[in-house]
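Participant: Residues 116 to 217, numbered by the working numbering, are exactly what the sequence shown covers, in order.
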Amino acid sequence: MDDFKEKIENRMGDYDQEEKEQILENFNHFKQFLSEKVEKGEKMGLSEEQLAKGAELVANYLAKHEEPRNREQYLLAELWKAGNKDEQHHLAHMLVKLVQND
116 MDDFKEKIEN
126 RMGDYDQEEK
136 EQILENFNHF
146 KQFLSEKVEK
156 GEKMGLSEEQ
166 LAKGAELVAN
176 YLAKHEEPRN
186 REQYLLAELW
196 KAGNKDEQHH
206 LAHMLVKLVQ
216 ND
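#1: Helix, strand or coil, according to DSSP, for D217 in the structure here?
#2: Counting along the chain, where does the alpha helix (DSSP H) carrying N185 start and finish?
#3: Drop a sphere of 10 angstroms on the beta-carbon of L166, count the other beta-carbons inside from all chains shown, and report buried for 16 or more, exposed for fewer.
#4: Whose C-beta lies closer than 8 Å to the C-beta of E217 among residues of the same chain, with five residues either side of it excluded?
#5: Am I right that L215 and V153 are in contact with their C-beta atoms under 8 Å? What's the rounded C-beta distance?
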């Protein structure tokens with residue numbers, strides 16, 4: 116798991132500021148980004164649990180390193196901060212389902 120966490124954190128850190136702005140400038144761009152990553156994970160054979168753990172790691176990274184850019188991201192950030200680890204994990208599952216159903 117630590118290797119998986121490190122890979123995700125390194126990949127998130129690899130995006131330059133312009134790429135981050137494009138992804139985070141509006142919620143639909145963020146959902147599209149997450150959808151592409153979930154689809155890639157599904158093609159690699161990752162389970163829903165593994166996808167949720169990946170989404171959880173991305174959310175933790177964003178909570179530590181990025182400010183919300185819109186109302187939807189602000190709401191997600193507030194929910195993330197308010198939740199305990201278990202609730203954050205459930206929210207990560209819901210985010211994966213959200214983009215799978217688009």
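No residue lacks a Cβ here, since even glycine has one placed at the ideal position from N, Cα and C.
Facilitator: In terms of the structure at hand:
#1: Here the question's residue 217 lines up with position 102 in the sequence shown. D217: coil per DSSP, three-state reduction.
#2: Here the question's residue 185 lines up with position 70 in the sequence shown. Unbroken run through N185: none, as it is neither H nor E.
#3: Position 51 of the sequence shown, counted from the start, is the residue given in the question as residue 166. Answer is buried; the Cβ neighbour count reaches 16.
#4: As a first step, residue 217 is located in the sequence shown; it is residue number 102 there, counting from the start. Before going on, a small fix: residue 217 reads as Asp here, not Glu. These residues qualify, in order along the chain: K146, S150.
#5: Position 100 of the sequence shown, counted from the first residue, corresponds to residue 215. Position 38 of the sequence shown, counted from the first residue, corresponds to residue 153. According to the sequence as given, residue 215 is Gln; it is not Leu. Contact flag correct, Cβ pair sits at about 6 Å.
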